[in-house]
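**Student:** To start, I am sharing the structure in question, which I have written as structure tokens.
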Amino acid sequence: MMLLLVLLVVFMTIDESEQNVVSIAQGRIRGVQKRGYITYGGIPYTTVSGMPGRFKSGGLAPVWPDIRGSQMGDCTTTSPVEDCLQLDVNVPPGSLLPVMVWVTGGSGHYDPTMLVEQQILVVIVRHRLGPTGFLCSREDKIAGNAGLKDVVLALRWVRDNIVAFDGNPNMVVVSGQSFGAAMVQSLILSNMARGLFHGAIIQSGSVLAPWAFNFDAEQRAKLLKMKFNESRDSFTLVRAGTADLARKADELDFPYLPFGICVENPMKNEEIFLPDSPFDLLSNGKIISVPIIMGYTNNEAYIFSSMLKEVGVLKKMAKEINFLIPIELQTSKRDVLQLAKKVKEMYFPGNVTMKSVLKYHRDAYFLSHIYKSIRFLTPSSSPVYFYQFSHSGSVGVEEEPDVIKDGAAHSDELAYLFPDKGRKLDGDDGDAQRNVVKLWTNFVKYLNPTPQGELGLGLVWEPYSPYDNRVLAISTELEMIEFPYNKEMQISFSSILGNGTATAFIESEQPKYKTLILVFICAFVVSRAVGELSVIDNVVTVQDLDDDNKHNKGNYRQGIQVKTEQGLVRGYQDESGIVTFFDIPYGEFSKDQPFQEPTPPKPWEAVHDRTSHSSRCPQIRNGTFEGTHECLSLTVMKLNDAANADVLFHIHDSSFTSGSGDPLVYNPKHIVPKGVILVLPNYRLGPLGFLCLQNNTVPGNAGLKDLTLALDWTKNNIESFGGNSTNIVVSGTAAAGALVEYLLLYNSSNIYISKAITESGSVLSPWAVDRYPLDTANLFFQKLRGRQITGDPQHVLQNVDLEVLTKAGDGIDFKPCIESGEGFMTQSPWVSLQNGKFNFSYMTGSANQAAMREVLELSTQSLSQINKNLSELLPNDLFFDNDNEKSRLALKVKTIYFGNKDISENNREKLSLCYSDSQYLNSAIRTARLLAKGGSHVYFYEFSLDNHSSPISGSARGDSLNFIFGTEETTTNNNGETNKNVMREMMLHLWISFIKYGNPSAENITWKNLKYGEQNSEEWLSIGSAVEMKKGLHVERLKLWDDLYNSYYIERNKGSGHKPVSFLAIVSWSVLAFINL
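In numbering that gives the first Met the number 0, the protein residues as written are 0 to 1076.
Below is the structure:
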């Protein structure tokens, strides 16, 4: 008995010692239990070494041998640097929790209780502040932006370690307020941060604000150096102590923070965070496109009311208003007077009051820069949610005596997000708190603040659009309102900044350093005369062509030239305003080595000028050979005035054997006018595209390598056409849908893709992968031998005419394969899906009768044959130990779909449903589940609109594209169903909203993404005579296939999935032997 008590005490001691302990690469750390969550405080995420290291990027994070306790972090401008390079992880119960990373921006403390209670993990990041964080000096070999590089290192730490805390590294939202907000916006502009976060929340701050970005960073460093009164030429700021630097910086006479973000100096062994000014990066669209929440408080400047009273601003302004003009806008004396006059007319038409001064400061130092940022960010591919916080309650900035607090001051919203002691507020304050907390945490979870429209009686926070210029007003209630400061913003953009280029020369107060600093403020050319030559980036509209081009060419009447990396290309504008550039070469392959990876095309000198689509890769079409080896081309279709337009890269359906990127098939008339650039690529087909010997001569997957090169060309050239190279959305149906998924899964191609759309085609479809490519090659060489083609195999494959090769491959099912060694695809897609971590948005589904056309083509004799051999109902990727087991399960399939009746002409519709489920729908939902499990936002649908042109009710594979690319204008509504025009508009809304924002939506439709978990509760969109969200995808019917694939899937039976190497060697030898006979 005593022994049992001793053991019990030992076990209790062990359990207690391990309680709340997490193991990461650096060591183990113990958390502290808070109110419903655990805090792991003071975790160091990087280190710096020595005095010079204080200004450089951090190194490896430190390690520790024992369990590290949670620590309370504190970081100020005078703190030792190591105290600032720490973060706190606040973890609620759960797994794969979405992550909010809060960038402090200063020395404040934040209680995340209200946020963590909403089941998100909150990471508080501290970083270097003041001179050690933001000093920028070429002379002192200080690159600059050390504090921002700290945040990047913290985000890398989150990526690598947050899983240990049950966080999801594929759902990270970076957030900040004031200077922290400016830092967050800077992350969006830096390639150093690319891939480290998936959304951003930017509160009451902008990197464009004069207090955030130092255009005169070098000058500021020199002024700080002078404060040390060092006569030695060898003295550098690197030698100064941290506390001394902070104290001397405070002595500098600057209107804003003494040191902020800068365009940094390239230094050896230092990554560059910001290579150009934020204005240039934003105005040129050089951003990391992620969903963003950004906004302001309606009385930002109230926080300065006490200071403004003390310095006697009202008296000074009554005498001379000029001194309040931001220093960046002070050009010549004449300009200052003009600007002051405009400011006076807008803000101070009568007496100068504190209220008017606060409004002016709000706009000049906060709102104008936030609004400018919103306008720059909106054309990106991701949604921007614009807000105004206006609730003034019992918490936040206290009311100043004799100054009425009308609305929310700068930082007031923090009192609701991070309330003192994490307390839940009540009354009106409680209503405002619930609203802002729910919006923010929804965004962290879903990258959409109102994913279900559950707030404010079904309110949906609409992404900002310059066309309706609305903002979400957040207070005790929520309301979408017209942006209330349009008039004030006009002076900010037009009157002050002007319609041309303003150049400001700022003269230093120090006589020794009277330096003229060129400040590029902005250049917006907003007027364009009709008929003049207009230039947009590399696009030139040529109103008068050469004499031989002055006549109309078909329906195309206006020539447009664009400069690509290889040379000029000419497109033609049709009567609807769409410009088409036909058959632009993106790659080439040799006739002597037609199975090898493609190479970029050679540059051309003459203008590439095509007036129609004629390029096709070798194929058999209607029994006739057509196509040439000069077929790796694509067609680009755009509006003439396209600017930063989203890109749809649509792959033509081919069954892996035929077709091309034909604009007559994929008509742009509906989708391009929605602000999309349509790209239609060709790729190799049949044996040229998918013959696979798994060796150097014919490695396989040439068609997929063609599409990868086409994506690379699009990425590098589409900006010249007015496209957004950061938002390339790939789409396709059937076999092309499977190709889209291959491109998504493998690293050589998915780096070019932001989102994807497919229908009735998946990498897990039984017909989508060739598990025995040498057997397929065997058939191919038998047909070659039948054409009297003999000789050395390498000679045959490199010298036989492409027409002969193509004809020999006719009738053989070539498809993608698993390559050996290094290649495009070296493991099965199922393995890639099982093990992958994904971070993309994906809209996918199937037609409800996807197999309709194949079933209608079956003869009566074929139907009879199925009755005799029911195993034909089973997909080819199931493996059975014996024929009896196979027959038993085939009979079960037949019974579920046909009952006791034979398969006949009378039940083709049921046979179509059976094949649609086994060949399309089941594989599509299996893929979607694995992608959702891996971290992707997957929107699943079934398209079932009856096309009334077939004896089988429902939709065949590819039917949904008729409403995206179709040309018919039918409005027939015989059966009371949704007419085609209404369906087209709805489908276009879904596609466009998804292409632009990654969240498909249409009027009265809130499409929820698929959640990995219980199949009965899976949500999907049914698109048919009614369009509605449903739960559970044909659960009873698809359970049959779930059970079969769980037990008999060839990938789960490793002995059968891929034939052994010895077998492959024998088949490979036999393949080559055929040619030598």
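Heads up, the beta-carbon is just placed ideally off N, CA and C, and yes, glycines get one too. These numbers come from a predicted model, not from an experiment.
Apply the 10 Å Cβ neighbour rule to G1054 and answer buried if 16 or more other Cβ atoms are within range, or exposed otherwise.
**Tutor:** Caution is warranted here: a pLDDT of 48 is assigned to G1054, below 50, making its placement in the model unreliable, and the coordinate value is therefore given only provisionally. Under the 10 Å beta carbon count, G1054 is surrounded by fewer than 16 other beta carbons and is classified as exposed.
**Student:** Hey, I865 and S911 are a contact pair by Cβ (cut 8 Å); roughly how many whole angstroms apart?
**Tutor:** About 13 Å; that fails the 8 Å criterion.
**Student:** Short check: CB of P602 to CB of G586, under 8 Å?
**Tutor:** no
**Student:** Comparing alpha-carbon positions, which option in Q1014, A239 and C816 lies nearest K1030?
**Tutor:** Q1014
**Student:** From which residue to which residue does the alpha helix (DSSP H) around F133 run?
**Tutor:** G129 to F133
**Student:** Short check: CB of G406 to CB of S391, under 8 Å?
**Tutor:** Taking C-beta atoms as the reference points, G406 and S391 count as a pair closer than 8 Å.
**Student:** Mind pulling the beta strand (DSSP E) runs of 3 or more residues that sit fully within the stretch 80-126?
**Tutor:** 85-90, 96-102 and 120-124
**Student:** Report, in whole angstroms, the separation of the C-beta atoms of L690 and A776, which I expect to be a contact under 8 Å.
**Tutor:** Confirmed, about 6 Å.
**Student:** Which two residues bound the contiguous alpha helix (DSSP H) that contains F993?
**Tutor:** Counting along the chain, the alpha helix (DSSP H) containing F993 begins and ends at K979 to Y996.
**Student:** Within a Cβ cutoff of 6 Å, which residues of the same chain sit near N838, ignoring the five residues on either side of it in sequence?
**Tutor:** N169 and G934
**Student:** What does a CB cutoff of less than 7 Å around P265 pick up in its chain, not counting 5 residues either side in sequence?
**Tutor:** I271
**Student:** Suppose you measure from the CA of N19 to the CA of H669; what does that come to, to the nearest Å?
**Tutor:** The straight-line gap from Cα to Cα measures roughly 57 Å.
**Student:** Per DSSP, what kind of secondary structure is D705 in: helix, strand or coil?
**Tutor:** helix
**Student:** I'd like to check one pair, A60 with Y39: are the Cβ atoms closer than 8 Å?
**Tutor:** Going by C-beta atoms, Y39 is not nearer than 8 Å to A60.
**Student:** Sort out for me which residues DSSP pairs R67 with in a bridge.
**Tutor:** I28
**Student:** Let me know if L99 comes out buried or exposed under the rule of 16 or more other beta-carbons within 10 Å of its beta-carbon.
**Tutor:** The amino acid at residue 99 is misidentified as Leu; the sequence shows Met. The residue is buried, with at least 16 neighbouring Cβ atoms inside 10 Å.
**Student:** Taking the alpha carbon of I1112 as the reference point, which residue from G198, I161, Y771 and K562 has its own alpha carbon closest?
**Tutor:** With the chain covering 0 to 1076 only, the question about residue 1112 has no answer from this structure.
**Student:** Nearest to R29 by CA position, among D279, I286, R1051 and Q70, is which residue?
**Tutor:** Q70
**Student:** Would you report the Cα separation of P465 and I373, rounded to the nearest angstrom?
**Tutor:** 9 Å
**Student:** Tell me which same chain residues have a C-beta within less than 6 Å of the C-beta of A245, skipping the five on either side of it?
**Tutor:** T76, T77 and G129
**Student:** As an exercise, report each continuous beta strand (DSSP E) stretch of at least 3 residues that is fully enclosed by the stretch 879-909, in chain order.
**Tutor:** Complete beta strand (DSSP E) runs here, min 3: none at all.
**Student:** Going by other Cβ atoms of all chains shown within 10 Å of its Cβ, with 16 needed for buried, is T894 buried or exposed?
**Tutor:** exposed
**Student:** Consult DSSP for S250 and reduce its assignment to one of helix, strand or coil.
**Tutor:** It is worth fixing the name first, because residue 250 is Glu in this sequence and not Ser. Helix.
**Student:** Buried or exposed, going by whether 16 or more other CB atoms sit within 10 Å of the CB of T330?
**Tutor:** Because T330 sits at a pLDDT of 47, beneath the cut-off of 50, its placement in the model cannot be relied upon, and the point is left open.
**Student:** Between which two residues does the beta strand (DSSP E) carrying E758 extend?
**Tutor:** K754 to E758
**Student:** Which residue or residues does DSSP assign as beta-bridge partners of E481?
**Tutor:** R469
**Student:** Sort out for me which residues DSSP pairs Y841 with in a bridge.
**Tutor:** A755 and V937
**Student:** Using the beta-carbon count (16 or more within 10 Å), is H360 buried or exposed?
**Tutor:** Under this definition H360 is a buried residue.
**Student:** For S48, is the classification buried or exposed, using 16 other Cβ atoms within 10 angstroms of its Cβ as the cut-off for buried?
**Tutor:** exposed
**Student:** To the nearest angstrom, how far is it from the Cα of P1059 to the Cα of M824?
**Tutor:** For P1059, the pLDDT reaches just 36, beneath the cut-off of 50, and the residue's location in the model is therefore unreliable, although a value from the coordinates is still provided. Rounded to whole angstroms, P1059 to M824 spans 18 Å at the Cα level.
**Student:** Is it true that the CB of F581 sits closer than 8 Å to the CB of T610?
**Tutor:** yes
**Student:** Going by DSSP in three states, S355 sits in which element: helix, strand or coil?
**Tutor:** helix
**Student:** Taking 8 Å as the threshold, find out whether the stretch 808-818 comes into contact with the stretch 898-909 through three or more Cβ pairs.
**Tutor:** Here the stretch 808-818 does not lie against the stretch 898-909, with fewer than 3 beta-carbon pairs under 8 Å apart.
**Student:** Is it right to say E17 is buried, meaning 16 or more other beta carbons lie within 10 angstroms of its own, or is it exposed?
**Tutor:** exposed
**Student:** According to DSSP, is V1066 part of a helix, a strand, or is it coil?
**Tutor:** With a pLDDT of 37 at V1066, under the threshold of 50, the modelled position of this residue cannot be trusted, and the question is left open.
**Student:** Is there contact here, the stretch 439-447 with the stretch 196-203, by at least three beta-carbon pairs under 8 Å?
**Tutor:** With a cut-off of 8 Å, the stretch 196-203 and the stretch 439-447 count as touching, because enough Cβ pairs lie within range.
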